[in-house]
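Student: Structure below; questions to follow.
Residue numbers (my numbering): 89 to 316.
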């Protein structure tokens, strides 16, 4: 679902369940985000109440290695597109953010999390999947060094408050205030930054990382396996 708040486009993920990333969800998000990049000065990516994103659809990930690799590639390219966004990206982290949902937290310019008994992070190693190389490097870029190995190698999950310390979030607010605070941050960014210089600086800041991630993704897709 997409809505307009002044210069801000709000893209909301809501599958009525855990907000798992299926092929259909990724395609819808890609189209909505592309539209926002063309029309808005900033974008907010929101989850549904209590659920930001549960990661990849496990029914697809366990349906065969070819399907798993195809879904991994689609989700990774969505993350890289957000990381390369020509406008500010604010994430409204409305609840649980796990696996690929945790990886998405590393690509936002600002992350507003909901207070509550939510879990955030990468639990791949705990559920029988390796952390892809592109995700390792995104997390290395954004997470606090003392938390990097704990969250990636050991699959330690964070509470919202701990996620601020670890580097998955920038702040937490009451769950009912996540949307309004995210739009406020995005609107302030839209009013502050100049689009051309922002996009140019984005390329300067993340260009080398994104080029490296593209190369790593090719390795990921060739060697990715799922334990059963």
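Positions of the beta carbon are idealized from the N, C-alpha and C atoms, including for glycine.
Note that the structure is a prediction, hence the values are computed from the model and not measured.
1) Would you check if there are 3 or more beta carbon pairs closer than 8 Å linking the segment 119 to 130 to the segment 89 to 108?
2) Taking residue 256 as the reference, which of 304, 310 and 183 has the closest Cα?
3) For residue 212, collect the residues of the same chain with a Cβ closer than 6 Å to its Cβ; drop the 5 residues on either side in sequence, then sort them by chain order.
4) Using DSSP bridges, identify the partner residues of residue 184.
5) Using the beta-carbon count (16 or more within 10 Å), is residue 307 buried or exposed?
6) Taking a contact to mean a Cβ-Cβ separation below 9 Å, would you say residue 200 touches residue 131 in this structure?
7) Please state if the CB of residue 227 and the CB of residue 239 are separated by a distance shorter than 9 Å.
8) Using a Cβ-Cβ cut-off of 7 Å (strictly less than) and excluding sequence neighbours within five positions of residue 105, which residues of its own chain qualify?
9) What three-state label does DSSP hand residue 256 in the structure shown?
10) Measure from the alpha carbon of residue 171 to the alpha carbon of each residue in 298, 302, 305 and 310, then state which is nearest.
11) Apart from the five residues on each side of it in sequence, which residues of its chain come closer than 6 Å, Cβ to Cβ, to residue 161?
12) Enumerated in chain order, which unbroken segments of the alpha helix (DSSP H) with a length of 4 residues or greater are wholly contained in the segment 234 to 296?
Tutor: This is what the structure gives:
1) Contact holds: three or more Cβ-Cβ distances are below 8 Å.
2) Nearest C-alpha to residue 256 among 304, 310 and 183: 183.
3) Closer than 6 Å at the Cβ level, and outside the excluded window around residue 212, lie 187 and 219.
4) Bridge partners of residue 184: 139.
5) By the C-beta density criterion, residue 307 is exposed, having fewer than 16 other C-beta atoms within 10 angstroms.
6) In this structure, the beta-carbon distance from residue 200 to residue 131 does not fall below 9 Å.
7) A Cβ-Cβ contact shorter than 9 Å links residue 239 with residue 227.
8) Excluding sequence neighbours, residue 105 sits near nothing in its chain.
9) The answer is coil: DSSP assigns residue 256 none of H, G, I, E or B.
10) Of 298, 302, 305 and 310, the residue nearest in Cα terms is 298.
11) Cβ within range, chain order: 309.
12) DSSP runs (the alpha helix (DSSP H)) wholly in the segment 234 to 296: 248 to 254 and 266 to 280.
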